[in-house]
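Heads up, the final residue of the sequence shown is numbered 394 in this note's numbering, and it's a clean run with no missing numbers. Accompanying notes for the structure given below.
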Amino acid sequence: MGQPLGICKLCLEEKYLHRSHILSEFLYDAFYDDQHRMVKVELSNPYDTRPRTGLWEYMLCKACEDLLGAYETSFKTSWYTEGKQPKLTLPIHVINGLKYREFKLCMLSFLWRASVSIEAPGFSTVQLGVHHDERLRKMILNGDPGEELDYPFLCTAVFNRDDKTIVEAISEPVPLKSKEGHRTYEFQFGGCSWVYFVSQHSLRKLFQLEKWYLTKEGTLPAIVKYLDEHQPSLAFSKALKRRPMR
Ligand SMILES: [Zn+2]
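And the structure:
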């Protein structure tokens, strides 16, 4: 079957549209062994660990797919090939050497794709609204990762207590509001929980104790937790109350 002609959601031009994944295909790879069987299901896992490879819709043109693909490759390379995915070093693992621009644009593209997708199941909880959808669209299209406090995200790496392996799971994003009134969405992929901050008021004050976000120097502190002590929706508010590191 041919590709449908339509308006690409990123460049807004009428083009042949490709099957666009909301989250990169490689994030689902960790669920499978060599025979493409699902490796493991943690019954105690609060997340939905059922792998779904069908999470796509006709959304982007070839050029825009390639643009996002380059950001995704940077994430995949640093996370898995270079081994920057957090290690089990309680209570904090500081990741260094990330490429601010590419890594952040990849992260922002997940948030944006989840928000603008209409048909792909599992992402309807993410509704950023026209203002943020459009702002993110321009940032991603122009390759502009923004400032550190533009849509920052907090990272919590989650491990199984029994075999000390990282929990590779993908969950339906959860919208949350912190008690300070910040609008956030929590995603789970790449062995980590990611809390994106969408509202921007007083973020500087919120993060005054510690930079719990990706810096332009390529540093990202990850909170490290065992699955049985990780309460997804509370992780970030607890972290923010921590004392600053040296
Ligand atoms: Zn396009």
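Even for Gly, the Cβ is constructed at its ideal location relative to N, Cα and C.
- For ligand 1, a non-hydrogen atom lies closer than 8 Å to the CB of Lys163.
- Under the DSSP definition of a beta bridge, Gly366 lacks any partner.
- Taking a C-beta distance under 9 Å as the contact criterion, Val372 and Ile240 qualify as a contact pair.
- Remark: C-beta atoms of Tyr176 and Ile318 approach each other more closely than 9 Å.
- Here the alpha carbons of Tyr164 and Leu284 stand approximately 22 Å from one another.
- The beta carbon of Leu203 is closer than 8 Å to those of His169, Ile170, Leu171, Ala268, Pro269, Gly270 and Phe271 in its chain, skipping five residues each way along the sequence.
- Annotation for Cys254 indicates a beta carbon at 8 Å or more from all heavy atoms of ligand 1.
- DSSP places Trp260 in the helix class (H, G or I) of the three-state scheme.
- Relative to Pro152, the option among His279, Pro323, Arg167 and Ala262 whose CA is nearest is Arg167.
- By the neighbour-count definition (other C-beta atoms within 10 Å, threshold 16), Arg352 is an exposed residue.
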